[in-house]
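Structure, as structure tokens:
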Amino acid sequence: AQKITQTQPGMFVQEKEAVTLDCTYDTSDPSYGLFWYKQPSSGEMIFLIYQGSYDQQNATEGRYSLNFQKARKSANLVISASQLGDSAMYFCAMREGDYKLSFGAGTTVTVRA
Amino acid sequence: NAGVTQTPKFQVLKTGQSMTLQCAQDMNHEYMSWYRQDPGMGLRLIHYSVGAGITDQGEVPNGYNVSRSTTEDFPLRLLSAAPSQTSVYFCASSYGRGSSGNTIYFGEGSWLTVV
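Put into structure tokens, the structure is as follows:
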């Protein structure tokens, strides 16, 4: 069974608007971590934001925020005030247990001027 | 991606050839791992290590071999390359579990083509 599901293969967003990328996860481990990574066309993996399963507050990092709904097993990424440089592939990932990461299939975001 | 170095960045192999993808980190991280990325499938874990001398299989280990003789290095070996191993490979490292382990560093990726 898929541990991480990203249902949006691709999205278009107008520059300066906000965009929400969906991520749902499946785990029975009470302690886990959720990550979002950005992969531009150059290929490197860029860490964006982290949310721990016991964190009370939703994580925020600059223009990135994570909408964590634990009961629904959802960890959506919100990018505010989109910029042309935000065009990339975005991956949601979950760490269970010690270290192993499971990744979703990714969402391609294209920002239009 | 400062701190995790992968080589080579690009490689073309013939079916049946062997090669080693190198990964080194200089941050004294306990955890190191190898992932492969195929179109439409995200990253999948091949092998990982929780410390020198300790390795274990991930989700897609077949056709790959690893060893961890030092904390710094975690090479990935393809013993007999197959076209199905054409992929982009990423090495990653981090500290152990806990808040410091939430920062996972990735190498820049190695593009491997098997013909």
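Quick mapping for you: the protein sequence lines, in order, are chains A and B. Numbered by our numbering, the letters in the first sequence go through residues 1 to 113 in order. Numbered by our numbering, the letters in the second sequence go through residues 114 to 228 in order. Glycine residues also receive a C-beta, built at the ideal position from the N, C-alpha and C atoms. Here the structure is a predicted model, which is why all the values come from computation and not from measurement.
Asked: Cutoff 7 angstroms; reference K16(A); Cβ partners in own chain excluding five residues on either side; Found: A81, S82
Asked: Nearest candidate by alpha-carbon position, reference K38(A), set Y99(A), T110(A), Y90(A), K70(A); Found: Y90(A)
Asked: Residues that DSSP places opposite A113(A) in a beta bridge; Found: Partner(s): none; A113(A) has no beta bridge.
Asked: Assigned exposure category for V125(B) - 16 Cβ within 10 Å defines buried; Found: exposed
Asked: Status (buried if at least 16 other CB within 10 Å, exposed otherwise) for G97(A); Found: exposed
Asked: Backbone CA spacing between G220(B) and L192(B) [nearest angstrom]; Found: 22 angstroms
Asked: contact_flag[the region 20-31 of chain A, the region 59-78 of chain A] where n(CB pairs < 8 angstroms) is 3 or more; Found: yes
Asked: L192(B), DSSP secondary structure in three states; Found: coil
Asked: M94(A) versus S102(A): straight-line alpha-carbon distance, rounded; Found: 5 angstroms
Asked: Chain-order list of residues whose beta-carbon lies under 6 angstroms from that of G222(B) (same chain, five-residue window excluded); Found: V201, F203
Asked: DSSP state of S87(A) mapped onto helix, strand, coil; Found: coil
Asked: Per-residue burial, G166(B) [other beta carbons within 10 Å of its own, 16 or more giving buried]; Found: exposed
Asked: CB contact below 8 angstroms: K70(A) versus chain B; Found: no
Asked: Supposed close pair K3(A), L158(B) - CB separation, criterion 8 angstroms; Found: No, K3(A) and L158(B) are not in contact; Cβ-Cβ is about 11 angstroms, not under 8 angstroms.
Asked: Residues near T54(B) in its chain [Cβ-Cβ closer than 8 angstroms; skip 5 each side]; Found: Look at the range of chain B in this structure, 114 to 228, and you will see that residue 54(B) is not part of it.
Asked: Euclidean distance between Cα positions of S42(A) and T226(B); Found: 17 angstroms
Asked: C-beta neighbour in chain A for G222(B), strict 8 angstroms; Found: yes
Asked: Per DSSP, cross-strand counterpart(s) of Q137(A); Found: The requested residue 137(A) does not occur in the structure, where chain A is confined to residues 1 to 113.
Asked: Presumed contact (8 angstroms Cβ cut-off) between G153(B) and G104(A), rounded CB distance; Found: About 11 angstroms separates the two Cβ atoms, so there is no contact after all.
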